[in-house]
Structures are given as structure tokens and as C-alpha cells.
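Following the numbering used here, the numbering of the sequence shown begins with 77 at its first residue and continues without gaps.
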Amino acid sequence: MISPTSFCLSWLLIVAAHAHAASLSIQSSRFTITSSDASQLRADTLSLTQKPEPLTLGPSDVLKFTFQITETGEGNGVQPHQTFLRFYDTVSGEEGIQPVRVTPGGKAKFELNMARPPLSLPPTTDRPLAVSLILGSFITIQLHSTSLTSTSPRLPRLHLTLTKRPSTPSRPSSTRSIPSKKFPPRSSPPSLPPSCSRRGLYYSWSKVGVRVPHLLSPRILPFTALLGAFEALLVWYWVDLRLGQVLLYAGILALPTIFAGKTALATTGEWRAGKQ
């Protein structure tokens with residue numbers, strides 16, 4: 077059975093000065109202890125100068141801690157860029173950090189449910205835990221020393237021993253030699269010079285007989301020239317241009333290419349229909 081948890085609250089405000097940072101403090105600090113059936117066991121305010129009486133929490137009790145963060149001297153609520161509760165075991169050196177949510181007006185609330193303690197809580201023994209409130213990057217408030225029962229015992233230390241893998245004896249090699257098979261030499265096909273390949277391509281092109289009689293027509297030539305401009309744009313992009321520039325130039329060329337293509341397509345249709 078888990079024995080009750082006692083909290084010994086001792087407050088100490090430590091302010092680290094910063095050249096351009098406003099000092100922060102807490103006001104309206106209050107704690108409430110409720111049981112599992114939502115009945116209030118204890119409620120009181122906390123003082124930065126006087127030590128409160130020890131707080132005792134059972135295994136199913138809930139501690140609620142509320143306060144407001146203000147600027148010293150002005151009293152305006154502020155929201156630091158970070159607010160944490162630090163649980164620290166002074167003997168083992170283990171610690172846990174629990175973030176605290178703060179509203180833009182500086183109001184903060186923290187709740188500790190002993191039935192479901194946070195994972196950031198260090199392994200608890202009979203030793204007290206020092207709890208600190210961290211505001212922003214410049215202020216640390218030592219909240220209390222917390223004595224927790226063995227709710228989460230420390231895990232046993234693991235010892236790892238490395239052993240050398242046993243070596244297996246190598247298989248003895250056979251003294252009998254295996255005759256290697258001999259294959260007849262293979263002759264590589266004769267290679268042709270590049271000039272012969274080009275001549276063969278030109279010869280095949282002339283035999284196919286592809287004719288483009290209207291390629292230089294005034295209604296076909298603009299479309300052909302614009303296609304050549306697209307090819308030149310791709311080469312230019314590969315050499316020097318960026319993607320944004322290519323998209324801009326391609327958009328400029330797209331409009332005349334569409335109209336020139338429609339004209340060339342209509343002209344080709346008329347030629348095939350025999351109208352021209």
C-alpha cells in the first residue's frame with residue numbers, strides 16, 4: 077500500500093538581473109488539495125516570506141497550484157516564453173521537468189494527480205524532492221521540498237559484458253586440382269568508324285523520301301521558328317537560367333506559339349483537302 081505523500085514548501089525567490097529584462101514575480105499563489113471524490117481537504121494561500129505547514133497527499137489526492145506572473149513594480153500580468161516546474165533529487169542527481177501552461181494575462185495553473193503522476197517525476201524514495209519554478213530565462217523560484225513514497229522505484233542497473241565470438245576452424249582445402257575447362261576464343265564483331273554510321277543514316281533518310289514542301293511557307297515558318305525557340309530555351313536553362321526564369325520565358329512564348337500552331341494546322345488541313 078502506498079503511504080501518503082508529504083510536501084514541505086519553503087519559498088525562496090532568486091532573481092538574476094538582466095540588462096534589458098523586466099523582473100518577474102508571482103502573486104495570488106494558492107494551493108488546493110482534493111480527494112478522489114472531489115471533496116476539498118485543504119486550501120490556503122502561499123507566501124514568499126513564510127513557510128507553510130507541510131502538505132500531505134494521499135495516493136489518490138490531487139494538488140492544484142494556481143498563481144499569476146506579474147512585472148515587479150507595475151503589477152501587469154505577463155506571459156513568459158517558458159514556465160517549468162523542476163523536480164530534483166539532491167541525492168541521486170535525477171531531475172524531471174514539467175511544463176506549466178500560462179495564459180497571455182499571466183495566470184498559471186498546475187495540477188498533480190497522485191493517481192496518475194507525470195512521467196517526468198523522478199523515481200521516488202523516502203527522500204524529498206526539491207521543486208523549483210522556472211520563469212522565462214532569468215528567474216528561478218525554489219517552490220518546495222517534496223517527500224514522495226516509493227511509487228516508482230529505480231530500475232536496476234544493467235551491466236553489459238562483451239565476449240569475443242568463438243572462431244570456427246577453417247575447412248581444409250582439397251589437394252586435388254580440378255581441371256579448368258577451355259573454351260574456344262570468341263571473336264569480337266568489327267567496329268565501324270563514325271563516318272560510316274553517319275553516311276548510313278543519310279542514305280536511309282534519302283530512301284525514305286520524307287518531303288516537307290511547305291516547311292518555309294509564311295504560314296508554317298513562324299510555328300517552326302517558335303518551336304526552335306523553345307528548344308533554345310531548354311538549352312539556355314541547362315546552361316545558365318533558373319527555373320523561375322524558364323517559366324517566365326516559356327509563358328511569354330506560349331501565347332504566340334498557340335496562335336501560330338492553330339494557323340499552321342489550318343493551313344495544313346487546307347493543303348490536304350486540296351483547297352490550295
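For each residue, glycine too, the CB sits at the ideal point set by N, CA and C.
- Beta-bridge partners assigned by DSSP to L100: E147.
- Taking C-beta atoms as the reference points, S101 and T142 fail to come closer than 7 Å.
- Going by DSSP, Q321 is part of no beta strand (DSSP E) but of the alpha helix (DSSP H) stretching over L319 to A349.
- For D165, the closest of S208, G151 and L324 by C-alpha to C-alpha distance is S208.
- A191 sits exposed, since fewer than 16 C-beta atoms from the chains shown fall within 10 Å of its C-beta.
- Annotation: A184 to R233 spans about 38 Å, alpha carbon to alpha carbon.
- Fewer than three Cβ pairs drawn from the segment 107-120 and the segment 149-157 lie within less than 8 Å of each other, which leaves the two stretches out of contact.
- The distance from the Cβ of G172 to that of L197 is about 5 Å, consistent with a contact at the 8 Å cut-off.
- Secondary structure at S115: coil, using DSSP grouped into helix, strand and coil.
- Per DSSP, the unbroken beta strand (DSSP E) holding V207 starts and ends at P204 to L211.
- Taking 7 Å as the cut-off, the beta carbon of L329 is found no closer than this to the beta carbon of A308.
- The continuous stretches of beta strand (DSSP E) do not include G304, which lies in the alpha helix (DSSP H) extending over residues L297 to V315.
- For R106, the pairing in a beta bridge is given by DSSP as T121 and T142.
- For L133, the three-state secondary structure derived from DSSP is strand.
- With fewer than 16 other Cβ atoms from the protein chains shown falling within 10 Å of its own Cβ, G327 counts as exposed.
- In the three-state reduction of the DSSP assignment, L238 falls in the coil class.
- By the 16-neighbour rule on beta-carbons within 10 angstroms, A349 is exposed.
- With a 10 Å radius around the Cβ and a threshold of 16 neighbouring Cβ atoms, G181 comes out exposed.
- Per the DSSP secondary-structure output, A191 pairs with nothing in a beta bridge.
- Within the same chain, S111, S112, M190 and A191 come within 8 Å of S136 by CB-CB distance, once the 5 residues on both sides are set aside.
- The beta carbons of F163 and L205 sit closer together than 7 Å.
- Per the C-alpha coordinates, the member of R106, P175, L341 and S293 positioned closest to L195 is P175.
- By the Cβ neighbour-count rule, L188 is buried, with 16 or more other Cβ atoms within 10 Å of its own.
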